[in-house]
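Numbering (full-length UniProt numbering), first residue to last: 1 to 146. Right, one structure below, let's go through it.
What follows is the structure, given as structure tokens:
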């Protein structure tokens with residue numbers, strides 16, 4: 001990535017951040033995908049969670065874990081504990097694959113199922129798990145994996 005491209009990305013993040021603080025409801029699927037593509041990418045895996053209120057307004061976008069080029073540790077109990085601390089009603093999991101291929105690994109699917117079980121038990125809604133690749137985003141809900 002060139003310095004100019006990095007500057008553009010940082011400016012786009014600022015614009016999106018201002019937009020979301022003024023309009024904190026994720027109004028469309030495309031807005032969510034754009035947000036994911038701009039905020040969760042890079043040379044190492046990053047795991048974010050969007051915590052939402054009952055009206056799907058963003059309470060917080062939290063980077064819960066960073067990892068290596070092909071792994072990020074995720075602890076379902078920490079994801080759910082934070083949701084309870086924030087009084088969130090719903091969440092969206094987001095992480096990137098630095099390889100560029102957004103295909104979910106078995107570990108991705110297993111971790112998502114564990115978080116989904118915890119959410120269901122505690123009355124939280126897991127809307128989706130988005131995996132960001134190179135120029136493309138993949139939804140586990142759209143794949144029928146949620």
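Note that CB positions come from ideal geometry on N, CA and C, so glycine has one too.
So what does residue 128 bridge to, in DSSP terms? Within the chain shown, numbered from 1, the residue matching residue 128 stands at position 128. Paired residues: 92.
With DSSP collapsed to three states, give me the class of residue 8. Here residue 8 corresponds to residue number 8 of the chain shown, with the count starting at 1. In this structure, residue 8 counts as helix in the three-state DSSP scheme.
Count Cβ pairs between the region 80-90 and the region 102-111 that sit closer than 8 Å; are there 3 or more? no
With DSSP collapsed to three states, give me the class of residue 13. The residue labelled residue 13 in the question sits at position 13 within the chain shown. Residue state, collapsed to three classes: helix.
Given residue 60 as reference, the closest of 111, 131, 127, 92 once Cα atoms are compared: Counting from one through the chain shown, the residue named residue 60 turns up at place 60. Ranking 111, 131, 127, 92 by Cα distance to residue 60 puts 92 first.
Given a threshold of 16 other Cβ atoms within 10 Å of its Cβ, counted over all protein chains shown, does residue 102 qualify as buried or as exposed? Translated into positions along the chain shown, residue 102 becomes position 102. The residue is buried, with at least 16 neighbouring Cβ atoms inside 10 Å.
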